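**Q**
In this note's numbering, the protein residues as written are 33 to 231.
(1) Mind checking residue 70: buried by the 16 CB within 10 Å criterion, or exposed?
(2) Give the C-beta separation of residue 135 and residue 196 to the nearest angstrom, bearing in mind that I take them to be a contact with Cβ-Cβ under 8 Å.
(3) Is it the case that the Cβ atoms of residue 218 and residue 104 are separated by a distance below 8 Å?
(4) Thinking just about the alpha-carbon of each residue, which of 47, 40, 57 and 41 is nearest to the one in residue 228?
(5) Which word fits residue 207, buried or exposed, when buried means at least 16 other C-beta atoms lie within 10 angstroms of its C-beta?
(6) Nearest-angstrom Cα distance between residue 155 and residue 42?
(7) Decide if residue 160 is buried, meaning its Cβ has at least 16 other Cβ atoms within 10 Å, or exposed.
(8) Name the DSSP bridge partner or partners of residue 201?
(9) Quick one: Cα of residue 214 to Cα of residue 47, how far?
(10) What do you get for residue 221, buried or exposed, if any count of 16 or more other CB atoms within 10 angstroms of its CB means buried?
(11) Give the straight-line distance between the Cα atoms of residue 89 and residue 116, rounded to the nearest whole angstrom.
(12) Under a three-way DSSP split, which group does residue 60 fall into?
(13) Quick one, are the C-beta atoms of residue 50 and residue 108 less than 8 Å apart?
(14) Could you give the distance in angstroms between the alpha-carbon of residue 127 and the alpha-carbon of residue 118?
Structural data, given as structure tokens:
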């Protein structure tokens, strides 16, 4: 079974490829020419809703193919689940004036917004949708529980990884070696969940 993934993010592609390796009958490839395709507007209030919006839109560009799309992000309990579906645009939404890359600005903004809160429990979430010719075939979800730390640690990973510490490891996602990171990936867990329904 051949699956096209609607992402060009190398970190996401690694996570999905690792999860699919246990299924020798599955092949994965990025959706061709994705960087030239205008992305659909993500208007849903849930990860699952936005994953479906993207999968439906991109499936129209690959007739007869199974197209996967994901939506993922970080939810912080003390912020009532924020940044949630707006994880990639959190600093922009909050009118954060700091400098740096989008990831650095998002991290700095989140640390500012959680300062003074007693609880910093957080979870990474990922939702996946598989669509062929406009028909939803399967969905999958994955979660990784952890908590926020005050000072970024580690240089691997991306997004909020330097401030997201995994409970059972005592390390941030950005401190993990590649194999351990892939083992704990919420995206990998979502793909495994989806494949159980799809196959």
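A virtual CB, placed ideally from N, CA and C, is assigned to each residue, including glycine. Small disclaimer: the values here were computed from a predicted structure and weren't measured.
**A** Quick answer:
(1) exposed
(2) The Cβ separation is near 12 Å, so there is no contact.
(3) yes
(4) 57
(5) buried
(6) 22 Å
(7) buried
(8) Its beta-bridge partners do not exist; DSSP assigns none.
(9) 6 Å
(10) buried
(11) 22 Å
(12) strand
(13) no
(14) 13 Å
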